[in-house]
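Asks:
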Amino acid sequence: MLPLKGQKDQKQVKKYILNRAQKMKETILVTGGTGFIGSHTTVELQNAGYDVVIVDNLSNSREDVIDGIEKITGIRPAFEKVDLRDFDATEAVFKKYPQISGIIHFAASKAVGESVEKPLLYYRNNIVSLINLLELMPKYNVKGIIFSSSCTVYGQPDQLPATEETPIKKAESPYGNTKQINEEIIQDTVASGSPIKAILLRYFNPIGSHPSAIIGEMPNGVPQNLIPYLTQTAIGIREKLSVFGDDYNTPDGSCIRDYIYVVDLAKAHVCAMTRIMEDKTEEPVEVYNIGTGKGTSVLELIHGFEKATGVKLNYQIVGRRAGDIEKVWGNVDKANRVLGWKADTPLEDVLASAWKWQLALRERGIM
Ligand code: UFG
Numbered sequence: 026m027l028p029l030k031g032q033k034d035q036k037q038v039k040k041y042i043l044n045r046a047q048k049m050k051e052t053i054l055v056t057g058g059t060g061f062i063g064s065h066t067t068v069e070l071q072n073a074g075y076d077v078v079i080v081d082n083l084s085n086s087r088e089d090v091i092d093g094i095e096k097i098t099g100i101r102p103a104f105e106k107v108d109l110r111d112f113d114a115t116e117a118v119f120k121k122y123p124q125i126s127g128i129i130h131f132a133a134s135k136a137v138g139e140s141v142e143k144p145l146l147y148y149r150n151n152i153v154s155l156i157n158l159l160e161l162m163p164k165y166n167v168k169g170i171i172f173s174s175s176c177t178v179y180g181q182p183d184q185l186p187a188t189e190e191t192p193i194k195k196a197e198s199p200y201g202n203t204k205q206i207n208e209e210i211i212q213d214t215v216a217s218g219s220p221i222k223a224i225l226l227r228y229f230n231p232i233g234s235h236p237s238a239i240i241g242e243m244p245n246g247v248p249q250n251l252i253p254y255l256t257q258t259a260i261g262i263r264e265k266l267s268v269f270g271d272d273y274n275t276p277d278g279s280c281i282r283d284y285i286y287v288v289d290l291a292k293a294h295v296c297a298m299t300r301i302m303e304d305k306t307e308e309p310v311e312v313y314n315i316g317t318g319k320g321t322s323v324l325e326l327i328h329g330f331e332k333a334t335g336v337k338l339n340y341q342i343v344g345r346r347a348g349d350i351e352k353v354w355g356n357v358d359k360a361n362r363v364l365g366w367k368a369d370t371p372l373e374d375v376l377a378s379a380w381k382w383q384l385a386l387r388e389r390g391i392m
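For the record, in the sequence shown the residue sitting at position 24 is 49 according to my numbering, with numbers rising by one throughout.
#1: From residue 27 to residue 141, what does the alpha carbon distance come to, in whole angstroms?
#2: In the structure shown, what three-state DSSP assignment does residue 196 receive?
#3: Given this structure, state the Cα-to-Cα distance separating residue 293 from residue 207, to the nearest angstrom.
#4: Can you name the residues that DSSP bridges to residue 231?
#5: Output yes or no for whether 7 Å exceeds the beta carbon distance between residue 196 and residue 211.
#6: Using the DSSP secondary-structure output, state which residues sit across from residue 341 in a beta bridge.
#7: Using a Cβ-based criterion (distance less than 6 Å to any ligand heavy atom), does residue 247 qualify as near the ligand UFG?
#8: Return yes when at least one heavy atom of the ligand UFG lies under 6 Å from the C-beta of residue 177, else no.
#9: Given residue 327, which residues of its chain have a CB within under 8 Å of its CB, disregarding the five upstream and five downstream residues?
#10: Tell me the rounded alpha-carbon separation between residue 384 and residue 185.
#11: Do you know offhand how far residue 239's Cα is from residue 289's?
#12: Alpha carbon to alpha carbon, what distance is there between residue 73 and residue 38?
#13: Taking DSSP as the reference, what is the three-state secondary structure of residue 75?
#14: Kindly indicate which three-state DSSP category residue 136 falls into: helix, strand or coil?
#15: Rounded to the nearest angstrom, what separates residue 167 and residue 335 at their Cα positions?
#16: With distances taken from CA atoms, which of 115, 366 and 116 is nearest residue 41?
#17: Can you tell me which of 93, 71, 221 and 244 puts its alpha carbon nearest to the alpha carbon of residue 84?
#18: Hey, is the region 93-105 in contact with the region 60-72, meaning 3+ C-beta pairs nearer than 8 Å?
#19: For a test of your reading of the model: does the CB of residue 269 fall under 6 Å from any non-hydrogen atom of the ligand UFG? Yes or no.
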C-alpha cells in the first residue's frame, strides 16, 4: 500500500500517519516553532504522534506559546532558545537530541518592507540559518528537511492559477529573494550528493488560528498583513482598515489572494514529513504549492468576515500599496494527488477563528 500516494480519503491518511508515527516515535526539529505557522505545525505533528523539538530565538514570538501548545495537545515540546545563525549553538542542539530525524525550517525574518530597509539582516538571518542546518544534517543523520517557501517566488504569474512549473520571477524584495535563494541552495546541495531529502512547500496566504484560540498570529507592532489588521480594526485597536486599491483588473477591483487556513497548512507539513520519513519522495527535491486553489478578493474577505462574525468593519478604499501583486492563486492538484492532502476548511470558519483569537487576546489582556 502507498498510503500517501493517490490517497483520496483524508481520514484514512490521518489514521495511517498516526499509527505509523506512534510506532516509529520519530523526532522532528521545528525551527521557528513558537511563531505563527511553526506553533500550529507543532500541534499537528504532536497530534500525529511525532515528538517535537522547537528551536527559536524568540525575536518575533513569545516563549509562552510553548505553554499554549502543551495546553492543546497535553504534550510539552522540548524547547531550545537558539539563534540558528550561531553554528556552534545549532550544533549543540543536534548533540543534545541525536534522535532528530527530520527538520521543518520556518525560522526566518518575514516582513517585506523591513527587508527593503535592512537587506543584509534578511540575507544573514534567512540564508546563514539554512546553510548551518544543511551542513549539520548529514553529520547527525538527519534524513530530510521541509522548507517554508512562498508563492512570492512566482511574482505576478502570466497565467493563473500558478502551478509548480510557473516560471520564477525576479524577486520584488530582499525577503522574496531569500526564499528564491534558499530554494536554490537546497537544490544545489541535494544535487551535489548530500544524502538528504528535501521538500519545498510554497505557501499562499496563511490566515486564521487554532480553533481553541490558544495559539494564533501575533504580529509585533502595527500589522502589515490583512487579517491581523482587519481583526484589530474590528476590536477597536485600529480605527479603520485601508483597502489598498479598488482599480485593479479583478471583478471588484481589489487584489486577489489564495487564503489558506493555517491549520490546514500545518497538516500539509505532517503529510510531507511522513513522505520523507517513509522514503517515498520520487524527485531529488519535491516542490508543492500549498493553498486552496481559489482566489478571494480583499473586499470579498471583508464581507466574508462580517458575515462570519456579525461584526461590521470600518474600512475605506485608499491608493494601491507599492509592490502589491494584483492577483495570485495556486493550482494545488499536485499536493492533493501526491501528498493526499487538501485544504478543506470553509473560509467562513477560518475568518471566525481569526476573530475568536483576537477576542482571546483581549481576554488575556495581551491586546
Ligand atoms: N491589504 C489591504 N490592507 C491592509 C493589508 C493588506 O488592503 O491593511 C491587502 C493587500 O493589498 C493584498 C492583500 O490584502 O492585496 C493581502 O496582503 P498581505 O499583506 O496580507 O499579504 P501579501 O499577499 O501582500 O503578502 C503575503 C506575505 C508575504 C509573502 C506574500 C506572498 O505577507 O510574506 O504573501 O507569499 F511574501
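Even for Gly, the Cβ is constructed at its ideal location relative to N, Cα and C.
Keep in mind that this is a model prediction, so the values were computed, not measured.
Replies: Quick answer:
#1: Mapped onto the sequence shown, residue 27 falls at position 2. Mapped onto the sequence shown, residue 141 falls at position 116. With a pLDDT of only 43 at residue 27, under 50, the local geometry of the prediction cannot be trusted, and the value read off the model is given with reservation. So the two alpha carbons sit approximately 45 Å from each other.
#2: The residue you call residue 196 lines up with position 171 of the sequence shown. DSSP, read as helix, strand or coil, puts residue 196 in coil.
#3: As a working note, residue 293 is residue 268 in the sequence shown. As a working note, residue 207 is residue 182 in the sequence shown. Spanning the two alpha carbons is a distance of roughly 20 Å.
#4: Position 206 of the sequence shown, counting from 1, holds the residue named residue 231. Looking at the DSSP output, residue 231 sits in a beta bridge with 285.
#5: Residue mapping note: residue 196 aligns to position 171 of the sequence shown, counting from 1. Residue mapping note: residue 211 aligns to position 186 of the sequence shown, counting from 1. No. Outside cutoff.
#6: One-based indexing of the sequence shown puts residue 341 at position 316. For residue 341, which the question treats as bridged, DSSP gives the partners 267.
#7: Locating residue 247 in the sequence shown gives position 222, counting from the first residue. Flag unset: Cβ of residue 247 not near the ligand UFG.
#8: Working through the sequence shown from its first residue, we reach residue 177 at position 152. Yes, the ligand UFG has a heavy atom inside 6 Å of this Cβ.
#9: Here residue 327 refers to the residue found at position 302 of the sequence shown. Leaving aside the five residues that flank residue 327 on each side, the residues in its chain whose CB is nearer than 8 Å to its CB run, in chain order, 255, 266, 268, 338 and 340.
#10: For the purposes of this step, residue 384 is taken as residue 359 along the sequence shown, with counting starting at 1. For the purposes of this step, residue 185 is taken as residue 160 along the sequence shown, with counting starting at 1. Computed Cα separation, rounded: 36 Å.
#11: Within the sequence shown, residue 239 is the residue found at index 214, counting from 1. Within the sequence shown, residue 289 is the residue found at index 264, counting from 1. Taking the CA atoms as reference points, residue 239 sits about 17 Å from residue 289.
#12: Walking along the sequence shown from the start, residue 38 turns up at place 13. Walking along the sequence shown from the start, residue 73 turns up at place 48. Those two C-alpha atoms are separated by around 11 Å.
#13: Position 50 of the sequence shown, counted from the first residue, corresponds to residue 75. Three-state result, residue 75: coil.
#14: As a working mapping, residue 136 is identified with position 111 in the sequence shown. The answer is coil: DSSP assigns residue 136 none of H, G, I, E or B.
#15: Against the sequence shown, residue 167 aligns to sequence position 142. Against the sequence shown, residue 335 aligns to sequence position 310. C-alpha separation (whole angstroms): 48 Å.
#16: Here the question's residue 41 lines up with position 16 in the sequence shown. Cα-wise, what sits closest to residue 41 is 366.
#17: Counting from one through the sequence shown, the residue named residue 84 turns up at place 59. Out of 93, 71, 221 and 244, 244 has the C-alpha closest to the C-alpha of residue 84.
#18: Touching, per the Cβ criterion.
#19: Here residue 269 corresponds to residue number 244 of the sequence shown, with the count starting at 1. Yes - the ligand UFG has a heavy atom lying nearer than 6 Å to the Cβ of residue 269.
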